[in-house]
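Q: Before we start, here is the structure in question, set down as structure tokens.
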Amino acid sequence: MNQFEYTRANTAQAAVNALSKETGAVFLAGGTNLVDLMKRGVSQPTRLVDINGLPMDKIEQTATGLRIGALAKNADVSEHELVKKHFPLLSMAFKAGASPQLRNMATVGGNMMQRTRCPYFYDTAMRCNKRQPGSGCDAIGGYNRMHAIFGASEQCIAVHPSDMCVALTALDATITISGPKGERKMAFGDFHRLPGATPDKDNNLQKAELITGITIPFNKLSANSHYLKVRDRASYAFALVSVAAALDIRNGVIQEARLAMGGVAHKPWRLTEAEKALKGKAADLQNFKEAARIAMLGAKGYGYNDFKLKLAPNAIVEGLKMAGGV
Amino acid sequence: MSDHTIHEVPGSSRRSFLKQSSALAAISLTPASVINAARNGMDEKIAGVFEKMQLNVSVNGKKQQVYIEPRVTLLDLLREQLHLTGTKKGCDHGQCGACTVHVNGRRVNSCLTLALTTEGKEVTTIEGLANGDELHPMQEAFIEFDGFQCGYCTPGQIMSAVCCVREGHAETPDQVREFMSGNICRCGAYSNIVDAVMSAKQGGKKI
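Here it is in structure tokens:
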């Protein structure tokens with residue numbers, strides 16, 4: 092690990108200021124991804140600004156939903172009564188991610204900021220446009236079993252690894268951000284980005300901006316929601332494909348559907364067209380299959396991950412079945 | 485936290501110092517240890533001396549004050565400086581759980597925990613689990629059910645298992661398997677580990 096300097100921040104403003112004046116400085120929250128990347132030489136910050144002392148770990152009910160501080164630990168959110176009651180989808184997604192030890196360390200904000208687990212990104216001997224812009228992509232034409240089937244570019248076919256983010260995308264969460272120019276809000280779906288020609292940029296956060304929390308609006312989906320994660324072992328593995336499915340069903344008819352996938356794109360992949368197709372339809376297998384067909388339009392395999400073209404629609408149908416109790 | 489303000493650490497001028505001048509030119513301003521390091525031509529050690537920061541942490545009930553570089557992980561602090569070698573280094577990347585310890589009562593991977601982030605906190609390692617010569621009930625259970633073969637993952641398994649029970653995640657064998665999934669055992673002692681955890685949970689002793 093490279094040498095770096097270490098500072099503790101006591102206010103969000105001080106943390107933002109510390110990053111504003113030093114290009115190589117980064118925030119340190121749970122550190123579960125950052126410290127790993129530093130050990131591998133993928134990330135070499137000049138300074139860590141430790142934000143763990145900031146009072147940003149509360150989980151509170153507001154008039155319109157829940158507000159979760161950016162420093163709330165994954166384990167605490169997943170076990171919180173208000174989260175389990177109103178957003179069981181989110182609780183399930185958290186529990187599907189990482190290990191109990193890592194969930195005790197990892198924060199909500201850090202989860203959003205985690206980098207891809209593409210092995211070519213982690214291996215500094217390999218070419219990677221995300222790690223070193225312009226160097227090339229060894230995942231294209233390489234061993235790309237874990238890689239994207241939606242929204243990839245000629246520069247990058249990596250996927251975002253988070254489970255939490257897939258659920259929050261489906262739940263229409265909003266992110267609150269503090270930065271050099273003050274506070275701002277961003278729709279969760281607008282946070283992560285597709286790789287395009289600049290895969291080194293994972294998200295739309297600006298320089299020195301700090302995620303302070305997320306808000307999730309109440310909905311009528313809690314009775315019929317499910318997070319399905321398909322992976323190589325029963326627990327503690329990244330998703331090959333995951334599905335966040337939530338339905339508002341009344342008298343057997345779907346009033347509203349939310350669908351998002353993980354493990355298939357550079358960002359949590361919201362299935363908007365499939366959602367539209369389900370609205371007003373009966374919650375049955377035939378309609379779920381049609382939604383999955385629509386969801387897969389435009390999907391493209393890269394060789395080793397071609398199996399996802401079949402696994403993904405099957406997972407969508409299964410996720411919807413489990414959410415809908417069908 | 486002992487310090488609640490953004491502050492420039494003692495070593496913060498190290499880089500500019502090294503850039504702007506040779507180490508020897510600044511010797512009149514530096515402590516004796518640095519001068520000695522410089523005389524030996526050990527630039528990295530100079531940097532090390534400059535960047536060391538004070539850490540106050542309680543380990544197994546004993547208050548420790550150490551001076552460490554920011555890049556020192558809790559795992560390396562425990563093993564290399566405090567000589568508590570019960571905590572094991574397996575993958576060193578948060579994938580195997582051999583390094584599991586408790587920080588303020590919660591199980592974490594010490595290999596991914598920068599030691600400085602434990603300022604003012606209470607760390608418990610496998611060495612702190614027994615009460616004198618009396619083993620912790622989870623240690624007893626692992627012996628009784630043969631929850632190991634080579635033993636390398638065992639300290640991490642036991643530290644993780646204690647929290648698994650305390651968290652209320654040891655109600656069924658399946659739940660134990662799920663909530664012990666962060667601890668890998670290459671010998672494959674899993675079924676005995678699950679038996680040990682369930683037995684400790686149901687044994688009636690305080691875990």
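As given, the protein sequences belong to chains A and B, one line each in that order. Residue 280 in my numbering sits at position 189 of the first sequence; the count goes up by one each step and never skips. Residue 625 in my numbering sits at position 141 of the second sequence; the count goes up by one each step and never skips. Glycine residues also receive a C-beta, built at the ideal position from the N, C-alpha and C atoms.
Please confirm whether L139 (chain A) has its beta-carbon closer than 8 Å to some beta-carbon of chain B.
A: Here the question's residue 139 (chain A) lines up with position 48 in the first sequence. Chain B contact via Cβ: present.
Q: Counting C-beta neighbours from all protein chains within 10 Å, is the total for K272 (chain A) 16 or more, i.e. buried, or is it exposed?
A: As a working mapping, residue 272 (chain A) is identified with position 181 in the first sequence. K272 (chain A) should be labelled exposed.
Q: Kindly list the residues whose CB is nearer than 6 Å to the CB of N93 (chain A), restricted to its own chain and excluding five residues on each side of it in sequence; keep chain order.
A: Reading the first sequence from its first residue, position 2 is the one you call residue 93 (chain A). Counting only Cβ-Cβ distances below 6 Å, and skipping sequence neighbours, we find Q135.
Q: Report the residues of the segment 577-590 of chain B with a CB closer than 7 Å to any CB of chain A, ordered along the chain.
A: Here the close residues are H577, G578, G581, T584 and R590.
Q: So is N615 (chain B) buried or exposed if we call it buried at 16+ other beta carbons inside 10 Å?
A: If you number the second sequence from 1, residue 615 (chain B) lands on position 131. Exposed, because fewer than 16 other Cβ atoms sit within 10 Å of the Cβ of N615 (chain B).
Q: Taking a contact to mean a Cβ-Cβ separation below 8 Å, would you say L296 (chain A) touches A106 (chain A) in this structure?
A: As a working note, residue 296 (chain A) is residue 205 in the first sequence. As a working note, residue 106 (chain A) is residue 15 in the first sequence. In this structure, A106 (chain A) does not lie closer than 8 Å to L296 (chain A) by Cβ.
Q: When you compare the CB positions of R600 (chain B) and P554 (chain B), do they come within less than 8 Å of one another, or not?
A: Within the second sequence, residue 600 (chain B) is the residue found at index 116, counting from 1. Within the second sequence, residue 554 (chain B) is the residue found at index 70, counting from 1. Reading off the sequence shown, one finds Leu at residue 600 (chain B), where the question assumed Arg. In this structure, P554 (chain B) lies closer than 8 Å to L600 (chain B) by Cβ.
Q: In chain B, what lies closer than 9 Å to L193 (chain A) by C-beta?
A: Reading the first sequence from its first residue, position 102 is the one you call residue 193 (chain A). Within chain B, the residues near L193 (chain A) are G578, V592, N593, L596 and G666.
Q: Quick check: is the beta carbon of S683 (chain B) nearer than 8 Å to any beta carbon in chain A?
A: In the second sequence, counting from the first residue as 1, residue 683 (chain B) sits at position 199. Taking Cβ atoms only, chain A never reaches closer than 8 Å to S683 (chain B), which makes this a no.
Q: Can you find a CB in chain B that lies within less than 8 Å of the CB of S269 (chain A)?
A: Here residue 269 (chain A) is taken as the residue at index 178 of the first sequence, counted from 1. Answer no: the Cβ-Cβ gap between S269 (chain A) and chain B never drops below 8 Å.
Q: Excluding five sequence neighbours on each side, which residues of the same chain lie with their C-beta closer than 6 Å to the C-beta of S182 (chain A)?
A: Residue mapping note: residue 182 (chain A) aligns to position 91 of the first sequence, counting from 1. If we look at S182 (chain A) and ignore the five residues flanking it on each side, its Cβ neighbours are S169, V174 and K175.
Q: Kindly give me the distance between the Cβ atoms of V140 (chain A) and L110 (chain A), rounded to whole angstroms, as I take these residues to be in contact under 8 Å.
A: Taking the first sequence and counting its residues from 1, the one referred to as residue 140 (chain A) is at position 49. Taking the first sequence and counting its residues from 1, the one referred to as residue 110 (chain A) is at position 19. Their Cβ separation, rounded to whole angstroms, is 6 Å, which keeps V140 (chain A) and L110 (chain A) in contact under 8 Å.
Q: By the 10 Å Cβ neighbour count, where 16 or more other Cβ atoms means buried, how is N676 (chain B) classified, buried or exposed?
A: Walking along the second sequence from the start, residue 676 (chain B) turns up at place 192. N676 (chain B) is buried by the Cβ-count criterion.
Q: For H317 (chain A), count neighbouring Cβ atoms within 10 angstroms of its own Cβ and tell me buried if that reaches 16, exposed if not.
A: Mapped onto the first sequence, residue 317 (chain A) falls at position 226. When all chains shown are included, H317 (chain A) counts as buried.
Q: Over what stretch of residues does the alpha helix (DSSP H) that includes P286 (chain A) continue unbroken?
A: If you number the first sequence from 1, residue 286 (chain A) lands on position 195. Taken as a continuous stretch (DSSP letters only), P286 (chain A) belongs to no alpha helix (DSSP H), as it is neither H nor E.
Q: Please identify, using Cβ separations under 8 Å, the residues of the segment 533-557 of chain B that lie next to chain A, in order along the chain.
A: Listed by position along the chain: E535, M537, E553, P554, R555 and T557.
Q: Measure how close the beta-carbons of D127 (chain A) and L558 (chain B) come, nearest whole angstrom, since I'm counting them as under 8 Å.
A: Within the first sequence, numbered from 1, the residue matching residue 127 (chain A) stands at position 36. Within the second sequence, numbered from 1, the residue matching residue 558 (chain B) stands at position 74. Rounded, the Cβ-Cβ distance is 14 Å, inconsistent with contact.
Q: First and last residue of the alpha helix (DSSP H) that includes L400 (chain A)?
A: For the purposes of this step, residue 400 (chain A) is taken as residue 309 along the first sequence, with counting starting at 1. Note, L400 (chain A): alpha helix (DSSP H), K399 to G415.
Q: Hey, does A202 (chain A) have any beta-carbon neighbour from chain B nearer than 8 Å?
A: Here the question's residue 202 (chain A) lines up with position 111 in the first sequence. Note that residue 202 (chain A) is Asn in the sequence shown here, rather than Ala. With 8 Å as the cut-off, N202 (chain A) does not count as an interface residue toward chain B.
Q: So is N593 (chain B) buried or exposed if we call it buried at 16+ other beta carbons inside 10 Å?
A: Sequence index remark: in the second sequence, residue 593 (chain B) carries index 109 (1-based). N593 (chain B) should be labelled buried.
Q: For the candidate residues A:P252, A:A386 and A:L376, whose alpha-carbon lies nearest to that of L411 (chain A)?
A: Here residue 411 (chain A) is taken as the residue at index 320 of the first sequence, counted from 1. For the residues A:P252, A:A386 and A:L376, the minimum Cα distance to L411 (chain A) belongs to A:L376.
Q: So with Cβ pairs under 8 Å, would you call T601 (chain B) a contact of chain A?
A: In the second sequence, the residue the question calls residue 601 (chain B) occupies position 117. Chain A contact via Cβ: present.
Q: Given this structure, state the Cα-to-Cα distance separating R158 (chain A) from E364 (chain A), to the nearest angstrom.
A: On the first sequence, position 67 is the one that residue 158 (chain A) refers to. On the first sequence, position 273 is the one that residue 364 (chain A) refers to. If I take the Cα positions, the gap works out to 28 Å.
Q: What residue ranges within the segment 175-207 of chain A form continuous alpha helix (DSSP H) runs of no fewer than 4 residues, ordered along the chain?
A: Runs of the alpha helix (DSSP H) inside the segment 175-207 of chain A: 179-187, 191-196 and 199-204.
Q: Are the C-beta of E662 (chain B) and some C-beta of chain A separated by less than 8 Å?
A: Along the second sequence, read from residue 1 onward, the residue named residue 662 (chain B) stands at position 178. At least one chain A Cβ lies under 8 Å of E662 (chain B).
Q: Would you call the segment 399-411 of chain A and the segment 303-320 of chain A touching, i.e. three or more CB-CB distances under 8 Å?
A: Yes: at least three Cβ pairs fall under 8 Å.
Q: Residues in its own chain within less than 7 Å of A161 (chain A) by CB, not counting five upstream and five downstream?
A: As a first step, residue 161 (chain A) must be located in the first sequence, where it is residue number 70. Excluding residues within five positions, the ones whose Cβ falls inside 7 Å are M147, T198, V199, G200, I302, T303 and G304.
Q: Looking at C-alpha atoms only, which residue of A:T137, A:I142 and A:H177 is the closest neighbour of F309 (chain A)?
A: Indexing the first sequence from 1 puts residue 309 (chain A) at position 218. Measuring from the Cα of F309 (chain A), the nearest candidate turns out to be A:H177.
Q: Straight-line CA distance for L561 (chain B) to M196 (chain A)?
A: The residue labelled residue 561 (chain B) in the question sits at position 77 within the second sequence. The residue labelled residue 196 (chain A) in the question sits at position 105 within the first sequence. The alpha-carbon atoms of L561 (chain B) and M196 (chain A) are separated by roughly 18 Å.
Q: Reducing DSSP to helix, strand and coil, say where N108 (chain A) ends up.
A: Here residue 108 (chain A) refers to the residue found at position 17 when the first sequence is read from its first residue. If DSSP states are grouped into helix, strand and coil, N108 (chain A) belongs with the helices.
Q: 8 Å is my cut-off, CB to CB: does S644 (chain B) come that close to chain A?
A: As a first step, residue 644 (chain B) must be located in the second sequence, where it is residue number 160. Closer than 8 Å to some Cβ of chain A, the Cβ of S644 (chain B) qualifies, so yes.
Q: For Q246 (chain A), does the three-state DSSP call read helix, strand or coil?
A: Here residue 246 (chain A) refers to the residue found at position 155 of the first sequence. DSSP places Q246 (chain A) in coil when its eight states are reduced to three.
Q: Who does S447 (chain A) pair with in a DSSP beta bridge?
A: In the structure displayed, chain A extends from 92 to 417; residue 447 (chain A) sits before or after that span and is not available.
Q: Return the residue from the list A:G287, A:V332 and A:T98 that minimises the CA-CA distance to E535 (chain B).
A: Here residue 535 (chain B) refers to the residue found at position 51 of the second sequence. For E535 (chain B), the nearest C-alpha among the options comes from A:T98.
Q: Which chain B residues sit within Cβ distance under 8 Å of D127 (chain A)?
A: For the purposes of this step, residue 127 (chain A) is taken as the residue at position 36 of the first sequence. By Cβ distance, chain B contributes H577, G578 and L596.
Q: What did DSSP end up calling M682 (chain B) once you bin it into helix, strand or coil?
A: Residue mapping note: residue 682 (chain B) aligns to position 198 of the second sequence, counting from 1. If DSSP states are grouped into helix, strand and coil, M682 (chain B) belongs with the helices.
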